[in-house]
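Colleague:
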Amino acid sequence: MTIIISSGFFGSDKILHLTYSIGITGITNHIMTEEFGVDASRSQVISISLTSVIGLGKELYDLRLKKRFSLVDLVWDLAGIGLGYLLFVR
Numbered sequence: 818m819t820i821i822i823s824s825g826f827f828g829s830d831k832i833l834h835l836t837y838s839i840g841i842t843g844i845t846n847h848i849m850t851e852e853f854g855v856d857a858s859r860s861q862v863i864s865i866s867l868t869s870v871i872g873l874g875k876e877l878y879d880l881r882l883k884k885r886f887s888l889v890d891l892v893w894d895l896a897g898i899g900l901g902y903l904l905f906v907r
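Reminder that position 70 of the sequence shown reads as 887 in this note's numbering, one-by-one numbering, no gaps.
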């Protein structure tokens, strides 16, 4: 098992982590509030939690298959969640 702390802070896969996290956060929040009528504060918790679990799950998947876990990828996931929150949730 390898935990990679610095796999390069910038790269094409980092942009994917950022953009997917932005999108998942925004889309989940929209679906929860507009389609299911969930109140705003509860929808925020759900969208942020779901996106976090997906990001962590991706790294655990990489750990199992590729034997590597990237903390830098998680940083980009968290940045995407934060931007998704600022752009679409609040």
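No residue lacks a Cβ here, since even glycine has one placed at the ideal position from N, Cα and C.
No experiment lies behind these values; they were computed from the predicted model shown.
1) Give the range of the beta strand (DSSP E) segment to which residue 885 is assigned.
2) Between the C-alpha atoms of residue 862 and residue 890, what's the straight-line distance to the nearest angstrom?
3) Could you check whether residue 839 and residue 900 sit closer than 8 Å to each other, using their CB atoms as the reference points?
4) Could you check where the alpha helix (DSSP H) with residue 841 kicks off and where it finishes?
5) Within a Cβ cutoff of 7 Å, which residues of the same chain sit near residue 857, ignoring the five residues on either side of it in sequence?
6) Around the Cβ of residue 841, are there at least 16 other Cβ atoms within 10 angstroms (buried) or fewer (exposed)?
7) Using a Cβ-Cβ cut-off of 6 Å (strictly less than) and excluding sequence neighbours within five positions of residue 834, which residues of its own chain qualify?
Modeller: Judging by the given coordinates:
1) Taken as a continuous stretch (DSSP letters only), the beta strand (DSSP E) holding residue 885 covers 885-887.
2) Taking the straight line joining both Cα atoms gives about 21 Å.
3) Cβ distance < 8 Å, so residue 900 and residue 839 count as in contact.
4) First-last of the alpha helix (DSSP H) with residue 841: 829-847.
5) If the five residues before and after residue 857 are omitted, its C-beta is found closer than 7 Å to the C-beta atoms of 850, all from its own chain and listed in chain order.
6) Around the Cβ of residue 841, a 10 Å sphere holds 16 or more other Cβ atoms; the residue is buried.
7) 890, 893, 894, listed in sequence order.
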